[in-house]
Each structure stands twice: as structure tokens, then as C-alpha cells.
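Structure first, then comments.
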Amino acid sequence: MSDKLFAEVQAGASLKKTETQDKSGPVIDNEVKLKKNDRGSFLKEVESGAELKHAETNDKSGPTISGDTKVGQNNHGNLFSEIKAKGKE
């Protein structure tokens, strides 16, 4: 079985001829005309900055805990002691 498979692999496979259609380039119509861009004035405009308005934010990312909430004492120490005592019985 493996000799037959090895012989088939060595013989190779006959492949059909294909034609590649490369569509990776940009599609630009013939009617489109490119003109020179004035980078200097554009860069000056970017460097001059923009006038921004002040933005108010309402940060709701924190938890909402009311002021009268009380946190009780943690009794895990007593629980572990009780479990340890029951385990020794």
C-alpha cells in the first residue's frame, strides 16, 4: 500500500493550464484625471490646528453604589476553621 502511494506521489499529477486574473490593483476609470496636490498649504492647515469645542462627558464606567450601602465583615476564617474541625472528625 505505501509503495503504491509513494510511486503515485513521485509520478506527480497532471495539472490543467489556468490563466490568472490579477485583480489586486486599484480600479480607475479612464475618465478620471489626476491633478497635482498642493501639499504645502495642506500641511500648513494641519499645523495651524483646529478650534475644538469643550466636550462634557458622563462617565458611567464605574459601579453605581449608593451612599447608604454597608459592607459586612468577612467570616471566611470561621468557616475554614469549622470545615477543618469537621474534617478531623
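Quick note on numbering: the sequence shown equals residues 1 to 89 in the UniProt record's numbering. Note that the Cβ used here is the ideal one computed from N, Cα and C, for glycine as well. Keep in mind that this is a model prediction, so the values were computed, not measured.
**Request:** Pull up the distance between the alpha-carbon of A85 and that of G77, whole angstroms please.
**Result:** A85 and G77: Cα-Cα distance of roughly 12 Å.
**Prompt:** Which same chain residues, not among the five before or five after K35, have their C-beta less than 6 Å away from its C-beta?
**Reply:** So the list is empty, once near-sequence residues are dropped.
**Asked** Expressed to the nearest angstrom, what Euclidean distance is found between the alpha-carbon atoms of R39 and V46?
**Response** Straight across, the Cα-Cα distance linking R39 with V46 is about 10 Å.
**Request:** Please report the residue range of the alpha helix (DSSP H) in which S48 lies.
**Result:** 39–48
**Message:** Measuring only the C-alpha atoms, how far is L5 from G12?
**Reply:** 11 Å
**Message:** DSSP three-state label for G62, please.
**Reply:** coil
**Asked** From D29 to E19, what distance separates their C-alpha atoms?
**Response** Straight-line Cα distance between these residues: approximately 24 Å.
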